[in-house]
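Taking our numbering, the leading residue of the sequence shown gets 120, the next gets one more, and so forth. Ideal Cβ placement from N, Cα and C applies to all residues, glycine included. Written below as structure tokens is the structure these notes are about.
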Amino acid sequence: MARKQHTRNASGPLGPSQRQLRAGELIRHALVDVMREHEIHDEALVGVSVTVTEVRMSPDLRHATCFVEPLGAGVEAAETAGHESAIIKALNEHAKFLRGQLGRRIDMKFTPDLKFRHDESFDTASHMDRLFNDPRVRADIEHADDEDDGPQAAQGAVGPEKD
């Protein structure tokens with residue numbers, strides 16, 4: 120008789136498992152230590168500090184997608200501005216070296232293959248800040264706040280009245 124595969128629900132998993140999250144954090148911390156202690160000899164990485172913001176693991180823990188942000192990447196005056204793709208390309212070219220160093224630091228059955236990607240969440244947050252600071256949007260937000268405060272302010276009461 121065949122064993123039934125365990126699934127979280129009929130529609131599939133909603134997100135990463137606790138095991139994937141723990142392994143991702145383990146890899147992230149170890150990868151930061153490796154990158155701090157070992158200099159990678161690449162023209163694109165000379166003098167560049169890289170922040171590893173997140174590591175997402177595959178369900179079998181054999182592949183890790185590492186989201187990185189070069190320090191100062193969002194600042195126009197920074198040295199790394201506009202060079203994010205070259206930095207990510209250089210990290211992907213040296214992924215096997217980093218994986219080898221990572222294997223000496225972590226205690227997992229398999230050392231995952233590493234793939235580096237630029238973390239777009241900082242750009243998205245900056246874009247949302249610019250949208251919220253737009254005068255037209257700010258006027259709508261303040262108008263909505265005035266409408267929410269209107270009925271309560273007119274009554275002068277916080278809770279329901281008692282007879």
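Taking C-beta separations shorter than 6 Å and ignoring five residues to either side along the sequence, the partners of Phe235 in its chain run Cys185, Val187, Ile207, Leu210, Asn211, following chain order. A distance below 9 Å separates the beta carbons of Ala183 and Gly143. DSSP places Asp152 inside the alpha helix (DSSP H), whose first and last residues are 137 to 156. For Pro254, the three-state secondary structure derived from DSSP is helix. In terms of Cβ geometry, Pro231 and Ile146 form a close pair [threshold 9 Å]. Per DSSP, Leu233 is not a residue of any alpha helix (DSSP H); the beta strand (DSSP E) it occupies stretches across 232 to 237.
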